[in-house]
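All letters in the sequence shown, in the order written, are residues 573 to 901 by our numbering. The structure appears below as structure tokens.
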Amino acid sequence: MCGLNAQYASSAFLSAWVRVSDFSEEAFRRSILNGRMVRASLMRGTLHIVEKEDYSEWRPLMQPVLKRVVNSFFPGLLNRISLEQLSHEVKNILMDGPLTRAEMGRRLTHRFKGEPPEALAFAARLLLPLIQVPSPERWAYPNQPRYTWIEIPDEASIDGVLASLFLSYLKAFGPASLADFQAWSGLTYTAKLRNIASSMNLLAYRDQSGRTLFDTRDSKIVDKDTPAPVRFLPDYDNTLFAHRNRDRVIDPSIRPRVIRGTPRMPGTVLIGGFVEGTWSAINKGGGTPKLRIQLFKHNNPALELREEAERLAHYIFRSEKTETAYTKV
Numbered sequence: 573m574c575g576l577n578a579q580y581a582s583s584a585f586l587s588a589w590v591r592v593s594d595f596s597e598e599a600f601r602r603s604i605l606n607g608r609m610v611r612a613s614l615m616r617g618t619l620h621i622v623e624k625e626d627y628s629e630w631r632p633l634m635q636p637v638l639k640r641v642v643n644s645f646f647p648g649l650l651n652r653i654s655l656e657q658l659s660h661e662v663k664n665i666l667m668d669g670p671l672t673r674a675e676m677g678r679r680l681t682h683r684f685k686g687e688p689p690e691a692l693a694f695a696a697r698l699l700l701p702l703i704q705v706p707s708p709e710r711w712a713y714p715n716q717p718r719y720t721w722i723e724i725p726d727e728a729s730i731d732g733v734l735a736s737l738f739l740s741y742l743k744a745f746g747p748a749s750l751a752d753f754q755a756w757s758g759l760t761y762t763a764k765l766r767n768i769a770s771s772m773n774l775l776a777y778r779d780q781s782g783r784t785l786f787d788t789r790d791s792k793i794v795d796k797d798t799p800a801p802v803r804f805l806p807d808y809d810n811t812l813f814a815h816r817n818r819d820r821v822i823d824p825s826i827r828p829r830v831i832r833g834t835p836r837m838p839g840t841v842l843i844g845g846f847v848e849g850t851w852s853a854i855n856k857g858g859g860t861p862k863l864r865i866q867l868f869k870h871n872n873p874a875l876e877l878r879e880e881a882e883r884l885a886h887y888i889f890r891s892e893k894t895e896t897a898y899t900k901v
């Protein structure tokens, strides 16, 4: 799956659950707790859960992307402090044990006087090989996780790692263009990507606008008349960010209501392969847990939608007694 978006830890579990028919939450959590999978900043500077080996390989490649994100949030910070200084200080303070972002920021202000602690902590977790420390709870990470340093191999050939990541991306999201890959990853390397794509044994198609779309040789194109099942995706799911042209899954007129930074982006409802609504889980102490579903066009939810909503509610709440509320917006 080329990594699971994990801005919220629960989102990664739900992304896997909706895609894997025999998904085992326990096995997924165990892979995190034993260190086989890690949660850290990668594509587009956002948090992902990926296999540790992939993180070690992809992390150096993402450094320009992560640096760009830091500069956009805290302009001028990297002109006042050096990455070498930051790396040295963070390594030192983490020798006593993992720290939360807040703790790390406060400790770093003693060395970088006058700099905001939140800026220092943000730069540290993006620009350095820091991963979150899991804990034995349902979604494997607390709301305020601690960070630790992970040693990764020296940077390998950019071309080799870029080719590996591009191939992994196509296996998950192909057919796709080079521009799609750049939008999903945040990387540029346009000339290198062209050379890599031309040298790999890939399938190539032309879309209606004349763009070249690439895919792996063992991929299968689903017939256009094949019905797409109803799916409930978690917030920030990669389906919405995997291609430059998001119109393929979401109407531009409703996009601002769905893809947003604050307040928290809702989960989305796919009907016929397109976003046709949003959903949120409500579980207040003492009350019946509720799934709230807002549909953009459909007044009467079809049986398939109701059944999938019930399945989702049982998974999230671990309860046979749940409520599902539908509204049209």
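Beta carbons are placed, not taken as given, at the ideal position from N, Cα and C, and that holds for glycine.
Following the DSSP letters along the chain, one finds Arg778 inside the beta strand (DSSP E) bounded by residues 775 to 778. Ile665 sits away from Leu658, with the two beta carbons spaced by 8 Å or more. Between Ala612 and Ile703, the beta carbon gap of about 4 Å places them in contact (Cβ cut-off 8 Å). Short of 8 Å from the beta carbon of Ala897, and not among the five residues preceding or following it, lie these beta carbons of its own chain, in chain order: Lys862, Leu863, Arg864, Ile865.
The shortest C-alpha to C-alpha distance from Trp721 to any of Leu700, Val733, Arg683 is the one to Leu700. DSSP places Val841 in the strand class (E or B) of the three-state scheme.
Taking C-beta atoms as the reference points, Pro747 and Tyr777 count as a pair closer than 8 Å. DSSP places Asn715 outside both helix and strand once states are collapsed to three, so it counts as coil. Check the Cα spacing between Tyr741 and each of Arg883, Ala885, Ala599, Met615: the tightest is with Met615. Using a Cβ-Cβ distance cut-off of 8 Å, the stretch 686 to 696 and the stretch 595 to 614 are not in contact, since fewer than three pairs of beta carbons, one from each stretch, lie closer than that value. The three-state reading of DSSP puts Asn872 in coil, since its state is none of H, G, I, E or B. Comparing alpha carbon positions, the residue from Ser771, Ser654, Pro688, Ala885 closest to Ile854 is Ala885. For Val847, there is no enclosing alpha helix (DSSP H); the residue is part of the beta strand (DSSP E) that begins and ends at 846 to 854.
Remark: C-beta atoms of Leu805 and Thr798 do not approach each other more closely than 8 Å.
Fully enclosed beta strand (DSSP E) runs of no fewer than 3 residues occupy 609 to 613, 619 to 623 of the stretch 593 to 623, in order along the chain.
The stretch 810 to 825 makes no contact with the stretch 763 to 777, as fewer than three CB pairs between them are under 8 Å. Just measuring C-alpha positions, the residue of Arg640, Asp626, Arg678 sitting nearest Gly617 is Arg640.
Nearest to Ser736 by alpha-carbon distance, out of Leu650, His620, Pro706, Asn773, is Asn773. DSSP places Ile865 in the strand class (E or B) of the three-state scheme.
Cβ neighbours of Lys624 within its own chain (closer than 7 Å, five residues either side excluded): Gly607, Arg608, Met609, Val610. If you draw a 10 Å sphere on the C-beta of Glu892, you find fewer than 16 other C-beta atoms in it, and that means exposed. Within the DSSP bridge table, the entry for Gln704 names Tyr719 as partners. Beta-bridge partners of Asn577 (DSSP): His620.
Under the three-state reduction of DSSP output, Tyr808 falls in the coil class, being neither helix nor strand. The Cβ atoms of Ala814 and Trp756 sit closer than 8 Å to each other.
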